[in-house]
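Numbering (UniProt numbering), first residue to last: 1 to 256. All C-beta atoms, glycine included, are put in the ideal place defined by N, C-alpha and C. Written below as structure tokens is the structure these notes are about.
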Amino acid sequence: MSLQLNRPLAVIDLETTGINISSDRIVEIAIVKIMPDGSRQVKRKLINPEMPIPPGSTEVHGISNEMVKDAPTFKQAANEIKMFMANCDLAGYNSNRFDIPLLVEEFLRAGLDIELNDRSLLDVQRVFHMMEQRTLSAAYKFYCDKVLDGAHSAEVDALATWEVLEAQVKRYPQMGASVDAIVKFTGEDQIVDFARRFVMENGVEVFNFGKHKGKPVTLVLKQEPQYYDWMMKGDFPLHTKQKLTEILNRTLLKKN
């Protein structure tokens, strides 16, 4: 195995009702857990999203309402999934912008707080786009010289993502061979919230949208405290609201 692992790496892929992190739901999850010795464990589950799956989404991943009607809800499966991912760094394809944010939303809706501050989050698509600019199927062909049969099956995509990552480590030695080194190489080692409403600049969280873009979050919360209430009542992801509250609480503690 080319990748050097200090702890297990959970490669995640989701199939969902759509692409809205705040409102869409998981219909299938596959996790390929790679152990430091190179062995693998795989968990795949269909999930009842508790909402209709749009026909357009079914056309993409092939999962229908009938297929998930007797499947567990995410809340019912959440603890099992959380335990399987315990003490793992996380990886996926476009995972830092979609799979992991949506997964965190599902955990929060289920009443489980999954702390990721001590995890490395490695997005294989980020490496690929920095180096080659292609889709997952093209990445699989480019790096592994194989055709990706069964694309948009969560387990097939997760396994393909792992193979692409292995090939990337061999092809780009300048990235390093550890998860932390690759995450730092891709510039995604300081994510604040997954929706990118906040970003880190010189070690400080700043707004990345709206009228306060570029301003430190703590400064805005001090000068315009009602902005916190506006965001908490607005249509922002739960993870964004959670991080905003953490920043506010930290600001209040510094006052005391």
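- Between Val11 and Gly92, the beta carbon gap of about 6 angstroms places them in contact (Cβ cut-off 8 angstroms).
- Setting aside the 5 residues that flank it on each side, Leu221 is surrounded in the same chain by Tyr228, Leu248 and Thr251, each with a C-beta closer than 6 angstroms to its C-beta; the list follows chain order.
- Taking every protein chain shown into account, the CB of Trp162 has 16 or more other CB atoms within 10 angstroms, so this residue is buried.
- Ile81 is positioned such that its CB atom lies no closer than 8 angstroms to that of Leu122.
- Closest in alpha carbon position to His129, among Val179, Thr186, Leu3 and Asp89, is Thr186.
- Separation of Asn79 and His212 (C-alpha to C-alpha, rounded to the nearest whole angstrom) is 38 angstroms.
- DSSP places Val147 in the coil class of the three-state scheme, outside both helix and strand.
- At the C-beta level, Val169 and Ala139 stay beyond 8 angstroms of one another.
- Secondary structure note for Val169: it is in no beta strand (DSSP E), and the uninterrupted alpha helix (DSSP H) holding it is Ala154 to Arg171.
- Asn117 places its beta carbon 8 angstroms or farther from that of Pro8.
- Look at Glu50 here: in three-state DSSP terms it is coil, with no helix or strand label.
- Between Met67 and Leu46 a beta carbon distance of about 6 angstroms is seen, short of the 8 angstroms cut, so the two are scored as contacting.
- Burial state of Thr240 is buried, judged by a 10 Å Cβ sphere holding 16 or more other Cβ atoms.
- Ranked by how close their Cα comes to the Cα of Lys69, the residues Gly56, Lys75 and Pro52 have Pro52 in first place.
- Where Glu105 is concerned, the enclosing alpha helix (DSSP H) starts and stops at Ile100 to Arg109.
- Cβ neighbours of Met232 within its own chain (closer than 6 angstroms, five residues either side excluded): Lys241.
- If you look at Leu221, you'll find it in the alpha helix (DSSP H) that goes Val217 to Gln223.
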